[in-house]
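J.: First, the structure itself, so that you have it in front of you.
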Amino acid sequence: MSGKYNGLQAKIKQVSPYAEYIPCFAHSLNLVGQSAAESCSDAVKFFLFVENLYVFFSSSTHRWKVLKEMLPPDSPVVKQLSETRWSAGAEAVTALARSYHHIRNALQNLADDINQKPETKQKATGLININGQIRNLSGDRYLEKYIRKSQCSKSLPPIK
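Numbers 296 to 455, taken from my numbering, label the letters of the sequence shown in order.
Below you can see the structure in the form of structure tokens.
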């Protein structure tokens, strides 16, 4: 977007040759964090799981309803990751950490429901299995560390 030959930077220079381009520090920092996370295969697996969890529930109003019914009032629901907002990752991980057991129960209900399509039951079972591998791999401390580092300016109560 900011390319100096074809991007927005070039278009602004055409209109106003004296305009100076100043890159956004927050966006640059986001790109560094994203690149760092992508260099760790465990982090890649983890964030793919978080995104797949969101896609699974959000792609069906029925599954979203099952999830919402399993969550206590005011509990965070699964969130979508964003390539441009690192804080979206923190929100998604926070929702997973705080509502983990309820999310897992919703997946289990969908996997055991005889009225669900076989594909839905299989996807729910797959997410349960992947989740077990990730939690064995990283544990709750990884989730809490990630949340704390991602929310550096906000104070978070301990995860229950």
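Ideal Cβ placement from N, Cα and C applies to all residues, glycine included.
Quick caveat: nothing in here was measured; it's all calculated off a predicted structure.
#1: Output needed for V339: all residues of its chain with C-beta closer than 7 Å, excluding positions within five of it in sequence on either side, in chain order.
#2: Could you give the DSSP three-state label for G302: helix, strand or coil?
#3: Kindly list the residues whose CB is nearer than 8 Å to the CB of N404, restricted to its own chain and excluding five residues on each side of it in sequence; keep chain order.
#4: According to the Cβ coordinates, are F351 and K418 closer than 8 Å?
#5: Tell whether a beta-carbon distance below 8 Å holds between A385 and Q375.
#6: Exposed or buried, which one is S394 when buried takes at least 16 other CB atoms within 10 Å?
#7: I need the straight-line Cα distance from Y328 to S377, nearest angstrom please.
#8: Quick check for students: name the residue ranges of the alpha helix (DSSP H) that lie wholly in the region 348-376, counting only runs of 4 or more.
#9: Starting from A314, trace the alpha helix (DSSP H) both ways and give me its first and last residue.
#10: Where does V310 land, buried or exposed, given buried means 16+ other C-beta within 10 angstroms?
#11: Please identify the residue among I425, A392, Q411, Y313 whose C-alpha is closest to the C-alpha of S355.
#12: P368 and A390: beta carbons closer than 8 Å?
#13: Pick helix, strand or coil for Q411, following the three-state DSSP scheme.
T.: Per the coordinate set shown:
#1: E333
#2: coil
#3: V361, M365
#4: yes
#5: no
#6: buried
#7: One point to set straight first is that residue 328 is Gly, not Tyr, in the sequence displayed. Rounded to whole angstroms, G328 to S377 spans 12 Å at the Cα level.
#8: 356-365
#9: It is not in any alpha helix (DSSP H) - A314 carries neither H nor E in the DSSP assignment.
#10: exposed
#11: Q411
#12: no
#13: coil
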